[in-house]
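Numbering (our numbering), first residue to last: 128 to 640.
Ideal Cβ placement from N, Cα and C applies to all residues, glycine included.
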Amino acid sequence: MYLLGTDIGTQGTKTVMVDEKGNFITDAFREYQVITPRPSWAEQWPDVWLEAVVETIAECVKKSGVKPQEIAGLALSGLYGGSGIPVDDKVQPLYPCLIWMDRRARKETQWVKDNVPLEKIFGITGNYVDSYYGFTKMMWIRNNLPEIWNKIYQFVTPKDYVIYRFTGNLITDFSSAGNIGGVFDIHKRTWSDEMCEILGIPRRMLPEVILKSSDVAGKLNKEFAQAMGLLEGTPVVAGGVDAPVAQLCAGVLEPGEHVAMAGTSMCWGTVHGGEYLTPGLVSFPYVVYDDKLIYTFGGSATSGALARWFRDQFGRYEKEVEQNTGISAYTLLELQAKDIAPGSAGILVLPYFMGERSPIWDPDARGTILGLSLYHNRAHVYRAMLEAAAYSLRHNMEEALKTGMKLNPECWIVGGVARSSFWVQIFADVTGFNMKRLSKDVEAPFGDAFLAGLGTGVIDKPERIKDWVSFRPVIEVDAERHQIYTRYYELFKELYQSTREVMQKLAELSGSV
128 MYLLGTDIGT QGTKTVMVDE KGNFITDAFR EYQVITPRPS WAEQWPDVWL EAVVETIAEC
188 VKKSGVKPQE IAGLALSGLY GGSGIPVDDK VQPLYPCLIW MDRRARKETQ WVKDNVPLEK
248 IFGITGNYVD SYYGFTKMMW IRNNLPEIWN KIYQFVTPKD YVIYRFTGNL ITDFSSAGNI
308 GGVFDIHKRT WSDEMCEILG IPRRMLPEVI LKSSDVAGKL NKEFAQAMGL LEGTPVVAGG
368 VDAPVAQLCA GVLEPGEHVA MAGTSMCWGT VHGGEYLTPG LVSFPYVVYD DKLIYTFGGS
428 ATSGALARWF RDQFGRYEKE VEQNTGISAY TLLELQAKDI APGSAGILVL PYFMGERSPI
488 WDPDARGTIL GLSLYHNRAH VYRAMLEAAA YSLRHNMEEA LKTGMKLNPE CWIVGGVARS
548 SFWVQIFADV TGFNMKRLSK DVEAPFGDAF LAGLGTGVID KPERIKDWVS FRPVIEVDAE
608 RHQIYTRYYE LFKELYQSTR EVMQKLAELS GSV
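Here it is as structure tokens:
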């Protein structure tokens, strides 16, 4: 039997097909854009996700040559959809989804801080408050778009919208519910009536049905079965938020095991039994053993997005070469940066190009380049961008260690960034953790396929994921470079503290708050 896994990402959707032993068969990818109508705003209409899911699944089915009756099921994960898509009672979108990257709910965040004690919201939800969380974005819609708010039937996450279109069932899973924050009781694993009332978010606007990530959400309808070359009635499994599903794809089931999912953004996390909750990081149920394990992670708003921004703004030549030769523009940029010493000849970058999530939780934080001189060229700045993402990862790791967590000396790294051995070496040297990569760049869709196997009974227990994964040689820390980077890292943290007030004033002056 064969299994399909699809991950709806921020800037693209990827589907993989594997067999029941986890052997890779084929994959497909579609790229798209985030709508950013104002600074710190980030939104998307859901049809771009639906179209990408349909196209990538159809392509995988066609390329594989596998018969539809041999495909046991499919599962979906997705970017953290923030507010979710506000839909009416016919499940028609009323307004774009305010995705995780959107930071417009600044006033709503401050209202919560002023009116809801930390011990109250953290005690119930295991999380604090920031405009990253979906409940603040819901409050923004209520406060700023009353004509939309009055028509809302429910908020639906990106992957759950696709599941609805496929099956006719409105559901969510525990990881997606918990990541909304604010209104989800992490201890009882359900919505908190008390917090819904305090925050002014009617419980009726939240999905009534919360499933485990490996539960079957419904059966594929005729319309989309035909569009994708699948059998009508094929099981569609609930899936989860992309970060913990990517964590699963590396085989993580035990405390101490930790993974950096480095794509457009970066989520670094580990699992535990609930004893290491901290308001400095994000916590919600894991995608296996959903009733026992908590996934706690730190999230950087930009990672691969830094390299992509630099390529698009300053890598025109490299993009042209890529079109003519097929050699990646990123590879060409790395070749120019690889011989530059750690620290990029005195350049520090703060990677806060879309505000920042953990551990600073500052929507007004801004991208900063310090240390430029006439000596420096593009390659210095590009390397400093890559180093900035690694500093951010280390910052989140340290926040977790403060809680008493014990972390294994190897950090698994998955996602698009993991394709670059050069960048992964920087991550190792900055953090002091050896980096371990999967043998294939399958990421969250691989975890989705595994969840599809669990949900359909093709796979009998979560521990089988250990049989699915294999790894490339470990990229080890260079002790000398680590010492150099530690000195730069301390300046990295100091730079933010020194410029925080200026960043806030800039945000206010530019009208982005």
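Practice task
Could you check the C-alpha separation between M481 and A515 for me, to the nearest Å?
Solution key: For this step, residue 481 is matched to residue 354 along the sequence shown. For this step, residue 515 is matched to residue 388 along the sequence shown. The alpha-carbon of M481 is positioned some 14 angstroms away from that of A515.
Practice task
Measure how close the beta-carbons of T361 and G200 come, nearest whole angstrom, since I'm counting them as under 8 angstroms.
Solution key: Translated into the one-based positions of the sequence shown, residue 361 becomes position 234. Translated into the one-based positions of the sequence shown, residue 200 becomes position 73. Taking a contact as a CB-CB distance under 8 angstroms, the pair T361 and G200 counts as one, their CB atoms being some 6 angstroms apart.
Exercise for the section: Count the CB pairs spanning the segment 334-342 and the segment 398-405 that are closer than 8 angstroms, and state whether there are at least three. Expected result: Contact between the segment 334-342 and the segment 398-405 is absent, because fewer than three Cβ pairs lie under 8 angstroms.
Problem - Y509 versus L462 - alpha carbon distance - result: Looking up residue 509 in the sequence shown gives position 382. Looking up residue 462 in the sequence shown gives position 335. The alpha-carbon atoms of Y509 and L462 are separated by roughly 11 angstroms.
Exercise for the section: Between the Cα of T153 and those of E147, Y159, T142, spot the shortest distance and give me the residue it belongs to. Expected result: For this step, residue 153 is matched to residue 26 along the sequence shown. Ranking E147, Y159, T142 by Cα distance to T153 puts T142 first.
Practice task
Taking all protein chains shown into account, decide if L501 is buried (16 or more other Cβ within 10 angstroms of its Cβ) or exposed.
Solution key: For the purposes of this step, residue 501 is identified with residue 374 of the sequence shown, where counting begins at 1. L501 should be labelled exposed.
Exercise for the section: For E537, write down the residues that DSSP places opposite it in a beta bridge. Expected result: Along the sequence shown, read from residue 1 onward, the residue named residue 537 stands at position 410. E537 is bridged by DSSP to N561.
Exercise for the section: Please report how far the alpha carbon of G531 lies from the alpha carbon of A432, in whole angstroms. Expected result: Position 404 of the sequence shown, counted from the start, is the residue given in the question as residue 531. Position 305 of the sequence shown, counted from the start, is the residue given in the question as residue 432. For G531 and A432, the distance between alpha carbons rounds to 31 angstroms.
Practice task
Consult DSSP for V193 and reduce its assignment to one of helix, strand or coil.
Solution key: Here the question's residue 193 lines up with position 66 in the sequence shown. Three-state DSSP puts V193 in coil, outside helix and strand.
Exercise for the section: Work out the CA separation of W395 and K189 for me, nearest whole Å. Expected result: Residue numbering aside, residue 189 sits at position 62 when the sequence shown is read from its first letter. Residue numbering aside, residue 395 sits at position 268 when the sequence shown is read from its first letter. Approximately 35 angstroms, taken between the alpha carbons.
Practice task
Identify, in the order they occur along the chain, each residue of the same chain with its Cβ nearer than 7 angstroms to the Cβ of Y280, setting aside the five sequence neighbours on each side.
Solution key: Looking up residue 280 in the sequence shown gives position 153. These residues qualify, in order along the chain: V214, D215, D216.
Practice task
Rounded to whole angstroms, what's the CA-CA distance from R438 to P469? Just pull it up for me.
Solution key: Numbered from its first residue, the sequence shown carries residue 438 at position 311. Numbered from its first residue, the sequence shown carries residue 469 at position 342. If I take the Cα positions, the gap works out to 21 angstroms.
Exercise for the section: Count the other CB atoms, across all protein chains shown, that sit within 10 Å of the CB of N98; report buried if there are 16 or more and exposed otherwise. Expected result: For residue 98 there is no data in the structure shown, the boundaries of the chain being 128 and 640.
Practice task
Please report how far the alpha carbon of S302 lies from the alpha carbon of G253, in whole angstroms.
Solution key: Sequence index remark: in the sequence shown, residue 302 carries index 175 (1-based). Sequence index remark: in the sequence shown, residue 253 carries index 126 (1-based). C-alpha separation (whole angstroms): 13 angstroms.
Problem - Straight-line gap, I611 to S392 (C-alpha atoms, nearest Å) - result: As a position in the sequence shown, residue 611 is number 484, starting the count at 1. As a position in the sequence shown, residue 392 is number 265, starting the count at 1. Approximately 25 angstroms between the Cα atoms of the pair.
Practice task
May I ask you to report which of helix, strand or coil DSSP gives D575?
Solution key: One-based indexing of the sequence shown puts residue 575 at position 448. Collapsing the DSSP output to three states places D575 in a helix.
Practice task
Using three-state DSSP, classify W318 as helix, strand or coil.
Solution key: Position 191 of the sequence shown, counting from 1, holds the residue named residue 318. DSSP, reduced to helix, strand and coil, places W318 within a strand of the structure shown.
Problem - C-beta atoms of G211 and F282 nearer than 8 angstroms - result: Residue numbering aside, residue 211 sits at position 84 when the sequence shown is read from its first letter. Residue numbering aside, residue 282 sits at position 155 when the sequence shown is read from its first letter. Yes, Cβ-Cβ distance for G211 and F282 is below 8 angstroms.
Problem - Secondary structure, alpha helix (DSSP H): runs of 4+ residues fully inside the segment 299-378 - result: Within the segment 299-378, the complete alpha helix (DSSP H) runs of at least 4 residues are 301-306, 320-326, 349-355, 369-376.
Handout entry: Residue range of the unbroken beta strand (DSSP E) whose run includes D134
Key = Sequence index remark: in the sequence shown, residue 134 carries index 7 (1-based). From DSSP, the beta strand (DSSP E) with D134 extends over 129-135.
Practice task
Quick one: give me the first and last residue of the alpha helix (DSSP H) that Y479 is part of.
Solution key: Reading the sequence shown from its first residue, position 352 is the one you call residue 479. Unbroken run through Y479: none, as it is neither H nor E.
Exercise for the section: Take K240 and list the residues in its own chain whose beta-carbon comes closer than 8 angstroms to its own, dropping the five residues that flank it on each side. Expected result: Position 113 of the sequence shown, counted from the start, is the residue given in the question as residue 240. So the qualifying residues of the chain are V256.
Exercise for the section: Rounded to whole angstroms, what's the CA-CA distance from V181 to L358? Just pull it up for me. Expected result: As a first step, residue 181 must be located in the sequence shown, where it is residue number 54. As a first step, residue 358 must be located in the sequence shown, where it is residue number 231. Rounded to the nearest angstrom, the two C-alpha atoms are 14 angstroms apart.
Handout entry: Straight-line gap, P600 to W550 (C-alpha atoms, nearest Å)
Key = On the sequence shown, residue 600 is found 473 positions in, with the first residue counted as 1. On the sequence shown, residue 550 is found 423 positions in, with the first residue counted as 1. Cα-Cα distance, rounded: 15 angstroms.
Problem - Helix, strand or coil at R165 according to DSSP, with G and I counted as helix - result: Counting from one through the sequence shown, the residue named residue 165 turns up at place 38. Look at R165 here: in three-state DSSP terms it is coil, with no helix or strand label.
Problem - Close Cβ partners of R521 (< 7 angstroms) along its chain, the five nearest in sequence each way excluded - result: Position 394 of the sequence shown, counting from 1, holds the residue named residue 521. Excluding residues within five positions, the ones whose Cβ falls inside 7 angstroms are V557, T558, Y616.
Exercise for the section: Excluding the 5 residues preceding and the 5 following G473 in the sequence, name in chain order all residues of the same chain whose CB lies nearer than 6 angstroms to its CB. Expected result: Here the question's residue 473 lines up with position 346 in the sequence shown. Excluding residues within five positions, the ones whose Cβ falls inside 6 angstroms are G498.
Handout entry: Secondary structure of V180, DSSP reduced to three states
Key = Against the sequence shown, residue 180 aligns to sequence position 53. When secondary structure is reduced to three states using DSSP, V180 falls in the helix class.
Exercise for the section: Kindly confirm or deny that the segment 374-384 and the segment 316-332 touch, where touching means at least three C-beta pairs closer than 8 angstroms. Expected result: By the Cβ test, the segment 374-384 is not in contact with the segment 316-332, since fewer than three Cβ pairs between them sit closer than 8 angstroms.
Practice task
Check whether the Cβ atoms of L648 and D369 sit closer than 8 angstroms, and answer yes or no.
Solution key: Examination of residue 648 is not possible in this model, given that the chain is present from 128 through 640 alone.
Exercise for the section: Count the other CB atoms, across all protein chains shown, that sit within 10 Å of the CB of S637; report buried if there are 16 or more and exposed otherwise. Expected result: Position 510 of the sequence shown, counting from 1, holds the residue named residue 637. Exposed, by the Cβ-count rule.
Problem - Buried versus exposed call for Q160 [16 or more other C-beta atoms within 10 Å across all chains shown] - result: For the purposes of this step, residue 160 is identified with residue 33 of the sequence shown, where counting begins at 1. Here Q160 is exposed, its C-beta having fewer than 16 other C-beta atoms within 10 Å.
Problem - Reference K247; option with closest CA among I553, G308, L221 - result: Position 120 of the sequence shown, counted from the start, is the residue given in the question as residue 247. Nearest C-alpha to K247 among I553, G308, L221: G308.
Practice task
Give the range of the alpha helix (DSSP H) segment to which G250 is assigned.
Solution key: The residue you call residue 250 lines up with position 123 of the sequence shown. For G250, the enclosing alpha helix (DSSP H) has its first and last residue at 245-252.
Handout entry: Contacts around S485, its chain only, beta-carbon distance under 7 angstroms, and the 5 residues preceding and following it disregarded
Key = Indexing the sequence shown from 1 puts residue 485 at position 358. Excluding positions up to five away in sequence, the list reads G407, L408, V409, G425, G426, N523, E526.
Practice task
Along the beta strand (DSSP E) that carries D146, what are the first and last residues, could you check?
Solution key: The residue labelled residue 146 in the question sits at position 19 within the sequence shown. D146 -> beta strand (DSSP E) spans 139-146.
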